[in-house]
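Q: Sequential numbering from 4 applies to the sequence shown in the working numbering.
Pasting a structure here, questions to come.
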Amino acid sequence: MERIKGAIEQILVARDEKGAEFTCPAGVLRNPNRVSEEEKRDCEPLNPRNGFKKHS
């Protein structure tokens, strides 16, 4: 996802199918309550202990 420098983004908290929480820009989520494996690339884990490592 392309980000515009200086833009204000709406950040949402969404859960994956295992219940782990992620903070995601609103524009990347198709369903604002769930984050898919594909969408996780643009999200950050809300709790680092949930075992998810951000894709490089």
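C-beta: ideal position from N, C-alpha, C; glycine also.
Values in this document were obtained by computation on a predicted structure and should not be read as measured data.
#1: Taking only three categories from DSSP, how would you classify E42?
#2: Give me the Cα-Cα distance between P48 and Q13, rounded to the nearest whole angstrom.
#3: Please classify C29 as buried or exposed, where buried requires at least 16 other C-beta atoms within 10 Å of its C-beta.
#4: For A10, count the other beta carbons within 10 Å of its own beta carbon; 16 or more makes it buried, fewer makes it exposed. Which is it?
A: In this structure, then:
#1: Helix, per DSSP.
#2: Between the C-alpha atoms of P48 and Q13 there is a straight-line separation of about 16 Å.
#3: The sequence shown places Ala at residue 29, not Cys. Exposed, because fewer than 16 other Cβ atoms sit within 10 Å of the Cβ of A29.
#4: So A10 counts as exposed.
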